[in-house]
Amino acid sequence: MNIRSRRMAVLTVLGAAVLGLAAGSAVAQSVLAPAGVAVDEGGDPAPALQADYPTNAAGQTYGSLSDAVAPEDEPDLILVVASNGAEGYVLKSTLDELTGANVSSPEEAVAWQLAQETATWDSISIPVFASDGVAIVGSFEVTRSVASPES
Amino acid sequence: MATRRRTRVTVILAICAFTTAFILTAIGVAAAGQAVSAYGYYSNNGVSYKNKSAINTNHSYNHQAYAVTLAYVTAGTAPSGWVGALPRRFNDSGGLLCTGTWSYSSSQMTSSSGPLNPAGCFIYNHSIYAADGQTRAWNGSSYSTYGAFTSPNQNS
Chain A
91 MNIRSRRMAV LTVLGAAVLG LAAGSAVAQS VLAPAGVAVD EGGDPAPALQ ADYPTNAAGQ
151 TYGSLSDAVA PEDEPDLILV VASNGAEGYV LKSTLDELTG ANVSSPEEAV AWQLAQETAT
211 WDSISIPVFA SDGVAIVGSF EVTRSVASPE S
Chain B
2 MATRRRTRVT VILAICAFTT AFILTAIGVA AAGQAVSAYG YYSNNGVSYK NKSAINTNHS
62 YNHQAYAVTL AYVTAGTAPS GWVGALPRRF NDSGGLLCTG TWSYSSSQMT SSSGPLNPAG
122 CFIYNHSIYA ADGQTRAWNG SSYSTYGAFT SPNQNS
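Sequence lines, in order, name chains A and B.
Those letters in the first sequence? Residues 91 to 241, by our numbering.
Those letters in the second sequence? Residues 2 to 157, by our numbering.
Here it is in structure tokens:
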């Protein structure tokens, strides 16, 4: 193989690698874009696809948070992995209360934040249920967020 | 004959290079101490924002990892309490592995402010980590919630 054709071969392989990086990045961003969020500033937000959650005998919906478009669409029982590794569900009402998802105004938000910064707890354990919302299969920990040292 | 073989080898190598690069970036694997997602952009109530998820690992203590969700104001002014961020993680089947608590901006934010960047969801003794957080913006009557891109996997 002469030098010229060898150089062409190397450039072809490198070009393919660069194309692969660009294509992979584009696919990862466009396919996985969260609902309502754009991949570019001023771009079109990704569409919202409504999840259809099953219902248990008690009339509670259950499923994954990652399928919900907005908090009001989230199921009554949220799919989690318990501390013992078992899959089960926690009550959305319990989770929302502990995480501060119920905050409904900027004034409440500032008060919540102040309380978080002065809180003494690091984590709180809540029960994990089977999809019937009754049988307990484990526990799940909610950890209190702190300011990150990185930005 | 030899030329044809060389061409075939080059094509095979190019296909391998493309496929490897595509898979690595599409799935996302990072080997350093921090893996960060792409930015997502949104606007609400006259303020423009961007968000992202990150996962950090700390080898100094029990292979600890934690998720960070970052919310930035890119244009306009967000008064105190307008911006929220929540770090959390899911497994591949959508099960919530862990969650932090919502953090809200306790002071006004502009494009020159640092991000709201709560860390939470501390995890120990796992080999691969990824973060998938949410952020919030006050729309004048309630909070609008936005997902952040999932971070690449972070190998411990």
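All C-beta atoms in this analysis are idealised placements derived from N, C-alpha and C, irrespective of residue type, glycine included.
Note that the coordinates shown come from a computational prediction; the quantities given were computed from them, not determined experimentally.
Unbroken alpha helix (DSSP H) run spanning residue i, endpoints
i: L155 (chain A); result: Neither: L155 (chain A) is in no alpha helix (DSSP H) and is coded neither H nor E.
i: P119 (chain B); result: Not the alpha helix (DSSP H): P119 (chain B) falls in the beta strand (DSSP E), residues P119 to I124.
i: P90 (chain A); result: Because chain A here runs from 91 to 241, residue 90 (chain A) falls outside it and cannot be looked at.
DSSP beta-bridge partners of residue i
i: K51 (chain B); result: B:Y42 and B:Y73
i: Q135 (chain B); result: B:L87 and B:G148
i: T151 (chain A); result: A:T145
i: A136 (chain A); result: A:A125
i: T8 (chain B); result: The partner list for T8 (chain B) (beta bridge, DSSP) is empty, contrary to what the question assumes.
i: A237 (chain A); result: B:P119
i: A66 (chain B); result: B:T58 and B:I124
i: E177 (chain A); result: A:V171
i: S104 (chain B); result: B:A86
i: M110 (chain B); result: B:A79
Contacting residues, own chain, Cβ-Cβ under 6 Å from residue i (five flanking each side not counted)
i: F230 (chain A); result: V170, A172, V180, I216 and V218
i: A176 (chain A); result: V227 and G228
i: D166 (chain A); result: Q150, T151 and K182
i: T146 (chain B); result: Q135 and R137
i: P80 (chain B); result: Q109
Sequence-distant residues of the same chain with beta carbon closer than 8 Å to residue i, five excluded per side
i: P88 (chain B); result: S54, Y67, A68, V69, T70, T100, G101, P119, A120, G121, C122, A132 and G134
i: D163 (chain A); result: Q140 and A141
Beta strand (DSSP E) segment containing residue i, residue limits
i: S183 (chain A); result: S183 (chain A) -> not in any beta strand (DSSP E); alpha helix (DSSP H) instead, spanning K182 to T189.
i: V218 (chain A); result: S213 to F219
i: F230 (chain A); result: I226 to T233
i: T78 (chain B); result: First-last for T78 (chain B): undefined, no H or E at that position.
i: A36 (chain B); result: Q35 to V37
i: T100 (chain B); result: L97 to T100
i: V170 (chain A); result: L167 to V171
Rounded C-alpha distance that separates residue i from residue j
i: G228 (chain A); j: N174 (chain A); result: 6 Å
i: A147 (chain A); j: G133 (chain A); result: 43 Å
i: T78 (chain B); j: A220 (chain A); result: 45 Å
i: T189 (chain A); j: D222 (chain A); result: 23 Å
i: T111 (chain B); j: K51 (chain B); result: 12 Å
i: N192 (chain A); j: A209 (chain A); result: 18 Å
i: Y144 (chain B); j: F150 (chain B); result: 19 Å
i: A136 (chain A); j: A128 (chain A); result: 6 Å
i: S104 (chain B); j: A86 (chain B); result: 5 Å
i: E131 (chain A); j: I56 (chain B); result: 23 Å
i: V10 (chain B); j: N92 (chain A); result: 15 Å
i: D142 (chain A); j: T4 (chain B); result: 57 Å
i: Q62 (chain A); j: A123 (chain A); result: Outside the displayed range of chain A (91 to 241) lies residue 62 (chain A), so it cannot be described from this structure.
i: T136 (chain B); j: G148 (chain B); result: 6 Å
i: W139 (chain B); j: I168 (chain A); result: 25 Å
i: E198 (chain A); j: A205 (chain A); result: 10 Å
i: G34 (chain B); j: Y40 (chain B); result: 19 Å
i: R6 (chain B); j: V37 (chain B); result: 42 Å
i: A15 (chain B); j: R94 (chain A); result: 17 Å
i: L104 (chain A); j: R96 (chain A); result: 12 Å
i: Y42 (chain B); j: A106 (chain A); result: 30 Å
i: D186 (chain A); j: Q203 (chain A); result: 15 Å
i: N45 (chain B); j: G82 (chain B); result: 14 Å
i: A237 (chain A); j: P196 (chain A); result: 19 Å
i: P1 (chain B); j: A72 (chain B); result: Since the first residue of chain B shown is 2 and the last is 157, residue 1 (chain B) is not available in this structure.
Neighbourhood of residue i by C-beta, 7 Å cutoff - its chain only, sequence neighbours within 5 removed
i: S114 (chain B); result: V74
i: T233 (chain A); result: D212 and S213
i: F91 (chain B); result: L97, L98 and D133
i: S88 (chain A); result: No answer is possible for residue 88 (chain A): it lies beyond the span of chain A, which begins at 91 and ends at 241.
i: A225 (chain A); result: F219
i: P161 (chain A); result: A191
Worksheet item: If we count Cβ pairs, one from each stretch, closer than 8 Å, do we get three or more for the region 81-97 of chain B versus the region 143-158 of chain A?
Response: yes
Worksheet entry | Selection of the region 169-186 of chain A by Cβ proximity to chain D, strictly under 7 Å | No chain D appears in this structure, whose protein chains are A and B.
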